[in-house]
Every structure is written in C-alpha cells, then in structure tokens.
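First residue of the sequence shown? That's 86 in this note's numbering, and the numbers climb one at a time after it.
Using N, Cα and C, we set each Cβ at its ideal position, and we do this for glycine too.
Here the structure is a predicted model, which is why all the values come from computation and not from measurement.
What follows is a single structure, written as structure tokens, with notes after it.
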Amino acid sequence: MKNTIKKTIRVFLLKRFLSWLSQLEKGRIHLTFPDGKSYDFGNPHNNLETTIKINNLEVITDAIINGDIGIAESFMESKWETDNLTNLLEIAILNPNFIQSNKSFFNILSRLYERFSHYRNKNTITNSKSNISAHYDLGNNFFETFLDKSMTYSCGIYYGSDCSLEEAQANKINAILDNLSISENDNVLDIGCGWGQLAITAASKYKCNVTAVTISQQQYDYVRSKIHDLNLDSNVEVLLKDYRQLDGNYDKIVSVEMIEAVGHDGLNDFFSVCDKVLNQNGSIAIQAITIPDNLYESYRKGSDFIRKHIFPGGHLPSLGAIDSALLKSTNLRINYLDNIGQHYATTLNHWKKRFVKNKHILNSLGYNEWFIRKWLYYFSYCEAAFKTGYLDDLQIILTRSAQNKPFHQNQL
C-alpha cells in the first residue's frame with residue numbers, strides 16, 4: 086500500500102513538473118532523466134539553449150515545493166547538471182510567467198517561511214555586522230581566487246572587448262572619482278570601502294584625505310595593512326564602524342555597492358546620515374545594483390537564492406525607492422546617472438572563469454563541492470540577471486537641490 090501511494094505521488098509530481106516546463110516560450114531546454122528518457126521544451130527555433138541532466142529525481146520535489154530556491158539548492162547538492170548554467174538562468178528570467186506559474190500550497194508555505202527567515206536578518210546594527218561577516222569574512226584567500234589584484238568587488242567598466250578585469254576596475258574607480266571632481270583639499274568618506282582600492286586611488290592620485298569605513302573585520306585588517314605598506318597612513322584613516330554611527334564633515338562621499346546591505350527600511354537612515362555629514366557644497370557618488378520599479382514591491386516582500394545563501398540581509402533598491410528616500414529624508418537630489426549594468430555581466434563572467442580555474446586552490450583551502458557549486462550558481466545567476474536587463478547597476482551623483490544642474494543621464 087505504501088509503495089503504491091509513493092508511486093502515485095511520484096507520477097503526479099513528474100506530470101506536474103513536465104507540465105510546468107511545457108509552458109516555456111523563450112529559449113530551448115533539452116532535459117534528460119537517469120533512465121535515459123529525454124524531453125525538449127521551449128521554442129525550437131531559439132538560439133538560447135541549454136541541456137539539463139537530472140541525476141536525482143528529488144529535484145522534481147525540490148522544484149515544485151521550494152521553487153527557485155529549491156532548484157538552486159538541488160544544483161548545490163549535485164542533483165542536476167547543465168552544460169550552460171547562465172543560459173538556463175537567462176531562459177528562466179525571460180519567461181516570468183513560467184516562473185510565476187509554479188505555485189502550489191506547499192510552495193506558498195515555503196515562500197512564507199523563506200520570507201520570515203529573511204526578515205530575521207533585518208539590518209539592525211547588530212545584525213548588519215553578522216550579515217556582512219557571513220559573506221565578506223569568508224577569508225581574503227577565498228576572494229583572491231576570483232578578484233583582480235586590486236581586490237575590487239564591484240562592477241567594472243569595459244572600454245572595448247580586449248579590456249581586462251584589472252583595467253575595467255580601474256576604469257570604474259576613475260569614473261567615480263572624476264564625476265565627483267575630487268581635489269587635493271577634499272575630505273572624502275568611503276562608506277563600505279571593501280578592500281580599499283578606491284580609497285587608495287583617491288589618496289595617491291588626488292592627494293586628498295580619505296576616511297574608509299567597513300564593518301568587516303577582515304577587510305579592516307587588510308586595508309590598514311595595505312595603507313601602511315603604501316605609506317598612505319597620513320592620508321587614509323580606516324574605521325571599523327557602522328554607517329549609522331558616523332559623524333564629522335566631508336566634502337565628498339563615495340559608496341560603491343554598499344547600499345544593497347542597508348535594507349528597505351534602512352534607505353532613509355542611510356541617506357539621512359550622508360546628508361548630515363556632507364558639507365553644504367559637497368557631492369555624493371553612489372554605485373547601486375537596482376531592481377526595476379515595477380518589480381520592487383513584490384521583491385522586497387519575498388526572498389530568493391541570493392538573500393538566503395549569499396547575502397543574508399541583502400536587499401536591492403529600485404531607482405524609485407532611492408529617489409523616494411532622498412525626497413523624504415534629505416535635501417539631496419540626483420544630478421547625474423550612468424547605467425553600467427551590461428558591464429556587470431562581463432565582470433561576473435570574468436570572476437566565474439577565475440573561480441573555476443582556481444578550483445584546486447579552493448579545494449586546498451577546505452571549500453567543499455557544495456560550497457563551490459553555490460558560488461558558481463551565484464555568479465551565473467547574477468550574470469544572467471544583468472545580461473537580460475533584469476538588474477541594473479547605476480552610478481549616481483547626488484548634490485543638494487540648490488546646486489542641481491539639469492539632470493544628466495549617460496547610458497554607457
């Protein structure tokens with residue numbers, strides 16, 4: 086009797102799984118099962134294609150009950166393989182109705198649970214430190230396996246197909262500093278300084294004074310050591326401090342892809358602090374990964390693979406959410422904007438290739454296959470999101486409303 090019930094459930098889930106995949110309209114997927122059976126889904130005339138090989142039929146249950154998070158976790162557990170993970174995730178993004186149609190009673194319960202778990206990581210001062218530590222304190226040796234020599238962990242800007250990762254990161258930093266018109270007499274605040282390359286470039290190139298802020302212990306130790314080795318101690322001060330505890334007065338403020346760590350409820354606080362410590366005629370450069378305004382409300386009320394497994398407490402703002410926080414909490418306004426999102430797909434592809442090339446180093450550092458596959462999924466997930474335009478990366482210059490010139494937008 087039990088075997089009959091189990092068989093009936095398996096058949097039901099398989100039919101539901103195949104029915105779900107049959108709704109694909111864009112892209113092509115060739116699916117093979119452990120018994121050799123295969124199926125084709127999607128548009129046979131579309132060049133965006135991939136093959137999925139199922140190793141363990143549990144992936145069907147994972148997908149139906151836990152949705153996109155379940156699919157990601159089953160990949161981490163080697164329950165399925167694909168010849169092109171980025172293509173597969175592009176196909177998923179380009180078929181939003183397909184993703185949304187995977188709804189069941191258990192899937193709804195799973196989403197509620199993940200939403201509650203994400204809410205528990207809300208970015209209070211205490212939680213923020215543990216959230217950041219969970220990602221950025223994995224070990225500098227780990228990040229060295231895929232970042233360039235400058236240890237810059239954000240989108241680069243590629244001028245030409247032969248541009249290297251190192252050149253792209255230097256281009257990005259120079260673009261930000263040039264847009265801020267930094268001078269020798271400026272006091273510059275770098276909120277979320279990472280491993281310090283922007284602060285180092287500002288201090289060495291413009292001879293200005295920089296205060297670099299992080300709440301990652303490993304980043305703090307690394308930047309202090311590097312600043313000392315470069316004899317920049319008199320120009321750069323490094324603080325292990327939450328942005329909400331900042332004071333002082335600064336002529337220029339920079340924050341590169343840190344705003345994603347403040348949360349929806351923290352946007353007002355973040356810009357309010359920036360407004361408080363910025364001198365009257367100062368300006369701010371923000372580089373922010375953003376989600377489209379029309380998706381923002383549903384996004385902020387849920388969770389996903391990135392927020393569960395990569396960036397606990399992470400939250401992508403929309404341009405509208407940023408603008409709303411500025412209007413509500415400050416006298417700052419958007420003066421200039423560049424969208425460099427397509428450059429992020431290239432950056433992520435470079436990171437992924439370096440990561441794969443250095444797998445033997447990752448193994449020697451003690452990272453297991455589950456962890457490595459999780460990060461491969463992360464790189465491909467984000468690469469697909471930027472390639473399809475599902476996500477953008479915006480370079481924004483803020484000034485006080487009285488200073489504002491006509492708004493300028495540059496699409497690189």
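Problem set entry | DSSP state of Tyr538 mapped onto helix, strand, coil | Residue 538 cannot be examined here, being either before or after the span of the chain that is shown, 86 to 497.
Exercise. Between Asn180 and Val321, what straight-line distance do the alpha-carbon atoms span, to the nearest angstrom?
Worked result: Residue 180 sits at position 95 when you count from the first residue of the sequence shown. Residue 321 sits at position 236 when you count from the first residue of the sequence shown. Spanning the two alpha carbons is a distance of roughly 48 Å.
For this session: Spatial neighbours of Ala439 within its chain, please: CB distance less than 7 Å, with the 5 preceding and 5 following residues excluded, ordered by chain position.
Result: Counted from its first residue, the sequence shown places residue 439 at position 354. For clarity, residue 439 is Arg in the given sequence; the question names Ala instead. Only Thr230 and Phe231 meet the Cβ criterion.
Exercise. Anyone know if the C-beta pair for Lys459 and Ala430 falls short of 8 Å?
Worked result: Taking the first residue of the sequence shown as 1, we reach residue 459 at position 374. Taking the first residue of the sequence shown as 1, we reach residue 430 at position 345. No, the Cβ-Cβ distance between Lys459 and Ala430 is not below 8 Å.
Exercise. Taking the Cβ atom as the reference point for each residue, do Val323 and Ala287 lie within a distance shorter than 8 Å?
Worked result: On the sequence shown, residue 323 is found 238 positions in, with the first residue counted as 1. On the sequence shown, residue 287 is found 202 positions in, with the first residue counted as 1. It is not a contact, given that the beta carbons lie outside the stated cut-off.
Problem set entry | Proximal residues to Cys467 (C-beta, below 6 Å), its chain only, five neighbours per side dropped | The count along the sequence shown starts at 1 and reaches residue 467 at position 382. So the list reads Leu433, once near-sequence residues are dropped.
Problem set entry | Residues that Asn294 bridges to, as DSSP identifies them | Along the sequence shown, one-based indexing puts residue 294 at 209. Bridge partners of Asn294: Asn272.
Exercise. Measuring CA to CA, which of Leu422, Gly474, Leu447 and Tyr475 is closest to Leu265?
Worked result: Taking the sequence shown and counting its residues from 1, the one referred to as residue 265 is at position 180. Measuring from the Cα of Leu265, the nearest candidate turns out to be Leu422.
Problem set entry | Reference Ala260, options Val341, Lys292, Trp280 and Tyr307, closest by Cα | Here residue 260 refers to the residue found at position 175 of the sequence shown. Of Val341, Lys292, Trp280 and Tyr307, the residue nearest in Cα terms is Val341.
Problem set entry | Straight-line gap, Pro491 to Ile419 (C-alpha atoms, nearest Å) | By 1-based counting over the sequence shown, the position of residue 491 is 406. By 1-based counting over the sequence shown, the position of residue 419 is 334. Residue confidence for Pro491 is low, a pLDDT of 48 falling below 50, so the modelled location carries little weight and cannot support an answer.
Problem set entry | Own chain partners of Glu269 with C-beta closer than 8 Å, once the 5 adjacent residues on each side are dropped | Counting from 1 along the sequence shown, the entry for residue 269 is found at position 184. Tyr291, Lys292 and Cys293, listed in sequence order.
Problem set entry | Neighbourhood of Asp478 by C-beta distance below 6 Å, restricted to the same chain and skipping five residues each side | Numbered from its first residue, the sequence shown carries residue 478 at position 393. Here the set comprises Cys240, Ile374, Ile425, Gly426 and Tyr429.
Exercise. Would you call the CB atoms of Val362 and Leu411 closer than 8 Å?
Worked result: Here residue 362 corresponds to residue number 277 of the sequence shown, with the count starting at 1. Here residue 411 corresponds to residue number 326 of the sequence shown, with the count starting at 1. Against a cut-off of 8 Å, the Cβ pair of Leu411 and Val362 comes out as no contact.
Exercise. CA-CA distance, Tyr221 and Ser301?
Worked result: As a first step, residue 221 is located in the sequence shown; it is residue number 136 there, counting from the start. As a first step, residue 301 is located in the sequence shown; it is residue number 216 there, counting from the start. So the two alpha carbons sit approximately 6 Å from each other.
For this session: Would you please verify whether the beta carbon of Val308 is less than 8 Å from any beta carbon of chain B?
Result: The structure shown contains no chain B, having only a single protein chain.
For this session: Find the nearest neighbour of Ile395 within the set Ser215, Phe102, Lys100 and Leu103, judged by alpha-carbon distance.
Result: Taking the sequence shown and counting its residues from 1, one reaches residue 395 at position 310. Measuring from the Cα of Ile395, the nearest candidate turns out to be Ser215.
For this session: Alpha carbon to alpha carbon, how far is Ile258 from Asn353? Give it in angstroms, no decimals.
Result: The sequence position of residue 353 within the sequence shown is 268, counting from 1. The sequence position of residue 258 within the sequence shown is 173, counting from 1. Cα to Cα, the separation comes out at about 26 Å.
Exercise. Straight-line CA distance for His445 to Met236?
Worked result: Along the sequence shown, one-based indexing puts residue 445 at 360. Along the sequence shown, one-based indexing puts residue 236 at 151. Spanning the two alpha carbons is a distance of roughly 20 Å.
Exercise. Name the DSSP bridge partner or partners of Lys138?
Worked result: Within the sequence shown, numbered from 1, the residue matching residue 138 stands at position 53. Its beta-bridge partners are Thr117 and Glu166.
Problem set entry | Unbroken beta strand (DSSP E) run spanning Glu322, endpoints | Within the sequence shown, residue 322 is the residue found at index 237, counting from 1. Note, Glu322: beta strand (DSSP E), Val321 to Leu325.
For this session: Enumerate in chain order the residues of its own chain whose CB-to-CB distance from Glu158 is below 6 Å, with the five nearest sequence positions on each side excluded.
Result: Within the sequence shown, the letter at position 73 stands for residue 158. Nothing meets the Cβ criterion.
Problem set entry | Rounded C-alpha distance that separates Tyr124 from Ala469 | Here residue 124 corresponds to residue number 39 of the sequence shown, with the count starting at 1. Here residue 469 corresponds to residue number 384 of the sequence shown, with the count starting at 1. Looking at the two C-alpha atoms, the distance is approximately 24 Å.
For this session: Please state whether DSSP places Asp233 in a helix, a strand or coil.
Result: Translated into the one-based positions of the sequence shown, residue 233 becomes position 148. Here Asp233 sits in coil by DSSP.
Problem set entry | Asn316, enclosing beta strand (DSSP E) - first and last residue | Taking the first residue of the sequence shown as 1, we reach residue 316 at position 231. Where Asn316 is concerned, there is no enclosing beta strand (DSSP E), given that its DSSP letter is neither H nor E.
Exercise. Taking the continuous beta strand (DSSP E) assigned at Ile367, which residues delimit it?
Worked result: The sequence position of residue 367 within the sequence shown is 282, counting from 1. The question names Ile, yet the displayed sequence has Gly at residue 367. Where Gly367 is concerned, the enclosing beta strand (DSSP E) stretches over Leu363 to Thr375.
Exercise. Quick check: the stretch 367 to 382 against the stretch 335 to 350, are there 3 or more CB pairs under 8 Å?
Worked result: yes
Exercise. Is Asn226 near Leu461, with beta carbons less than 8 Å apart?
Worked result: The residue you call residue 226 lines up with position 141 of the sequence shown. The residue you call residue 461 lines up with position 376 of the sequence shown. Their beta carbons are not under 8 Å apart, which means Asn226 does not touch Leu461 by this criterion.
For this session: Report the three-state DSSP secondary structure of Ile338 (helix, strand or coil).
Result: By one-based count along the sequence shown, residue 338 stands at place 253. Correct three-state label for Ile338: strand.
For this session: Flag this pair as yes or no: are the beta carbons of Leu483 and Ile371 separated by less than 8 Å?
Result: Position 398 of the sequence shown, counted from the start, is the residue given in the question as residue 483. Position 286 of the sequence shown, counted from the start, is the residue given in the question as residue 371. For Leu483 and Ile371, yes; Cβs fall inside 8 Å.
Exercise. Since Leu476 is in the beta strand (DSSP E), which residue starts that stretch and which ends it?
Worked result: Translated into the one-based positions of the sequence shown, residue 476 becomes position 391. Leu476 -> no beta strand (DSSP E), and no H or E assigned at all.
For this session: Grab me the residues of Asn128's own chain with a C-beta within less than 8 Å of its C-beta, minus the 5 sequence neighbours each way, in chain order.
Result: On the sequence shown, position 43 is the one that residue 128 refers to. Excluding sequence neighbours, Asn128 sits near Leu109, Glu110, Lys111, Gly112 and Arg113.
Exercise. Rounded C-beta distance between Gly387 and Asp336? I'm assuming under 8 Å.
Worked result: Here residue 387 corresponds to residue number 302 of the sequence shown, with the count starting at 1. Here residue 336 corresponds to residue number 251 of the sequence shown, with the count starting at 1. Going by Cβ atoms, the distance from Gly387 to Asp336 rounds to 40 Å, so no, they are not a contact pair.
For this session: Tell me whether Tyr243 sits in a helix, a strand or coil according to DSSP, three-state version.
Result: Working through the sequence shown from its first residue, we reach residue 243 at position 158. Note: Tyr243 maps to coil in three-state DSSP.
Exercise. Between Asn131, Leu133 and Phe102, which lies nearest to Phe118 when the distance is taken from Cα to Cα?
Worked result: For this step, residue 118 is matched to residue 33 along the sequence shown. That would be Phe102, whose Cα lies nearest to the Cα of Phe118.
Exercise. Going by the CB atoms, is the gap between Phe464 and Ser414 shorter than 8 Å?
Worked result: The residue you call residue 414 lines up with position 329 of the sequence shown. The residue you call residue 464 lines up with position 379 of the sequence shown. No.
Exercise. Measuring CB to CB, does Leu106 end up less than 8 Å from Leu99?
Worked result: Indexing the sequence shown from 1 puts residue 106 at position 21. Indexing the sequence shown from 1 puts residue 99 at position 14. Against a cut-off of 8 Å, the Cβ pair of Leu99 and Leu106 comes out as no contact.
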